[in-house]
Amino acid sequence: MQLNLRGIIPPMVTPLTADKNLDQQSLKGLIEHLLSGGVHGIFLLGSNGEAPSLTYALRKELVTEACQIINGRVPVLVGITDTSFEGSIEMAEHAKASGADAVVIAPPYYFPISDGEMEAYLEDLVPKLPLPFLLYNMPSCTKMNLSMNTVEKAKNMGALGIKDSSGNLEYLYDLIETFQDSPEFAIIVGTEGFLPQAIERGGHGAVAGGANFFPRMFVDLYDASVTKDENKIVEIREKVTHLYDTIYNVGKDFSRITKGIKCALSIMGICDDYMALPLRRFDAGDRERIKTYIEIFEKQGIR
């Protein structure tokens with residue numbers, strides 16, 4: 178099965194209740210918000226989904242419920258990265274049973290591993306996967322930056338493409354150049370501000386965290402990048418830059434982007450901002466700052 182992974186694929190947050198259960202009602206509202214914004218796919222259990230902090234039971238419940246709500250309207254990607262090899266297989270099998278379209282694999286976190294160890298890991302893992310897979314480069318959380326050689330080997334094993342969240346523009350360009358003769362191999366950027374450059378060079382889309390709350394803005398940026406509408410690109414990029422300077426820049430913790438996304442959704446009445454431990458939601462002061470920023474964006478017609 179070859180999915181055509183293109184466009185804006187939000188790394189959806191996991192709506193939680195105060196007692197850390199899945200908020201099923203808010204889940205439906207969030208998914209409909211994303212789909213009404215025109216997104217091209219949904220990525221469950223990524224970093225913004227707080228996947229490593231959730232129980233297997235909650236992860237499975239999220240995947241089952243989300244797939245039922247989405248009901249084939251867009252491709253569903255499920256993160257299965259885990260410290261446990263068997264845990265990854267278990268989640269992949271559940272994703273398949275729930276109707277997901279692909280799984281997403283980053284290097285197992287905690288132990289630093291070499292390229293050779295990652296390649297051997299994929300050689301063991303991939304034959305056991307019941308779904309196609311997307312590779313995920315996330316060095317800030319995994320202690321390794323996937324080499325071009327490792328990515329090439331993953332492609333030869335059947336990888337649909339790679340999501341690059343390194344934040345390194347030169348690495349992104351290197352990926353695009355290395356695989357320019359394989360247009361079916363999707364290069365998806367995780368640093369959403371890089372989207373226009375990625376599309377211009379031959380990339381295919383973005384897993385944009387901000388698309389959780391402003392999906393249409395990122396879809397419009399993708400469309401403008403594809404059609405080379407320079408005036409529109411400049412206009413929307415200014416808004417994305419402002420988003421980085423405001424909503425993503427509240428608080429001092431490294432978790433401020435994920436917390437900011439959930440807080441924004443809470444202020445917009447889409448889902449609450451309860452976090453899975455060890456993360457905690459913003460205090461009243463920071464929440465008020467997010468509220469002010471959201472109101473400014475909304476007055477500008479951004480959605």
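Sequential numbering of the sequence shown, starting at 178, is according to the numbering used here. Yeah, the Cβ is synthetic: ideal placement off N, Cα and C, and Gly gets one too. Given the structure is predicted, the values throughout are model-derived calculations rather than measurements.
Practice task
Return helix, strand or coil for ALA195, following the three-state DSSP convention.
Solution key: Translated into the one-based positions of the sequence shown, residue 195 becomes position 18. Taken through DSSP and simplified to helix, strand or coil, ALA195 comes out as coil.
Exercise for the section: Name the one or two DSSP bridge partners that LYS340 has. Expected result: Taking the sequence shown and counting its residues from 1, one reaches residue 340 at position 163. TYR313 and ILE365, per the DSSP bridge assignment.
Problem - Backbone secondary structure at ALA401 - three-state DSSP - result: Here residue 401 corresponds to residue number 224 of the sequence shown, with the count starting at 1. Three-state result, ALA401: helix.
Exercise for the section: Grab the span of the beta strand (DSSP E) containing ILE282 for me, first residue to last. Expected result: Here residue 282 refers to the residue found at position 105 when the sequence shown is read from its first residue. Its beta strand (DSSP E) spans residues 279-282.
Problem - Three-state secondary structure (DSSP) of MET178 - result: Translated into positions along the sequence shown, residue 178 becomes position 1. Only weak support is given to the placement of MET178: the predicted model assigns it a pLDDT of 48, under 50, and the question is left unresolved by the model.
Handout entry: Residue from PHE391, PHE390, ALA383 and LEU420 with nearest C-alpha to LYS402
Key = In the sequence shown, counting from the first residue as 1, residue 402 sits at position 225. Here residue 402 turns out to be Ser, not Lys, going by the sequence shown. With distances taken between Cα atoms, SER402 lies closest to ALA383.
Practice task
Name the residue from ASP358, ALA336, VAL366 and LEU207 whose alpha carbon lies nearest to the alpha carbon of ASN345.
Solution key: Within the sequence shown, residue 345 is the residue found at index 168, counting from 1. If we check each option's Cα against that of ASN345, VAL366 comes out closest.
Problem - Nearest candidate by alpha-carbon position, reference LEU349, set SER359, GLU296, ARG250 and GLN374 - result: Here the question's residue 349 lines up with position 172 in the sequence shown. That would be GLN374, whose Cα lies nearest to the Cα of LEU349.
Exercise for the section: Answer with buried or exposed for ILE473, where buried requires no fewer than 16 other C-beta atoms within 10 angstroms of its C-beta. Expected result: Taking the sequence shown and counting its residues from 1, the one referred to as residue 473 is at position 296. Answer is exposed; the Cβ neighbour count stays below 16.
Exercise for the section: Taking only the alpha-carbon atoms, compute the straight-line gap between SER224 and ARG250 and give it to the nearest angstrom. Expected result: Walking along the sequence shown from the start, residue 224 turns up at place 47. Walking along the sequence shown from the start, residue 250 turns up at place 73. Answer to the nearest angstrom: the Cα atoms are 23 Å apart.
Practice task
Please report the Cβ distance between PRO307 and GLU267, rounded to the nearest whole angstrom; I am assuming they are in contact, meaning their Cβ atoms lie under 8 Å.
Solution key: Along the sequence shown, read from residue 1 onward, the residue named residue 307 stands at position 130. Along the sequence shown, read from residue 1 onward, the residue named residue 267 stands at position 90. In this structure, PRO307 and GLU267 do not form a Cβ contact; the two beta carbons are roughly 11 Å apart against a cut-off of 8 Å.
Handout entry: beta strand (DSSP E) runs contained entirely in the region 243-285, provided each spans 3 or more residues
Key = The DSSP assignment places 253-256 and 279-282 as complete runs of the beta strand (DSSP E) inside the region 243-285, in order along the chain (cut-off: 3 residues).
Handout entry: Runs of alpha helix (DSSP H) wholly within the region 424-470 (minimum 4 residues, chain order)
Key = Taken in chain order, the complete alpha helix (DSSP H) segments of 4 residues or longer contained in the region 424-470 are 433-444.
Exercise for the section: Using only alpha-carbon positions, find the residue among ARG458, GLU354 and ILE413 that is nearest to ASP554. Expected result: Given that the chain is displayed from residue 178 to residue 480, the structure contains no residue 554 and the question cannot be resolved.
Exercise for the section: Look up GLY165 in the DSSP assignment and give the residues it is bridged to. Expected result: An answer regarding residue 165 cannot be provided, because it is not within the stretch 178 to 480 covered by the chain.
Practice task
For chain D, find out if any of its Cβ atoms is closer than 7 Å to the Cβ of ILE257; answer yes or no.
Solution key: This model lacks chain D altogether; it includes just one protein chain.
Problem - Buried versus exposed call for ASN181 [16 or more other C-beta atoms within 10 Å across all chains shown] - result: Reading the sequence shown from its first residue, position 4 is the one you call residue 181. Taking every protein chain shown into account, the CB of ASN181 has fewer than 16 other CB atoms within 10 angstroms, so this residue is exposed.
Exercise for the section: Provide the residue(s) that pair with PHE220 in DSSP beta bridges, ordered along the chain. Expected result: Position 43 of the sequence shown, counting from 1, holds the residue named residue 220. Answer is PRO188 and LEU254, bridged to PHE220.
Problem - Beta carbon of GLY206 nearer than 7 Å to that of ILE467 - result: Within the sequence shown, numbered from 1, the residue matching residue 206 stands at position 29. Within the sequence shown, numbered from 1, the residue matching residue 467 stands at position 290. For GLY206 and ILE467, no; Cβs fall outside 7 Å.
Problem - Residue from GLY276, ILE410 and THR258 with nearest C-alpha to CYS244 - result: Locating residue 244 in the sequence shown gives position 67, counting from the first residue. Looking at the Cα atoms, GLY276 is the closest of the given residues.
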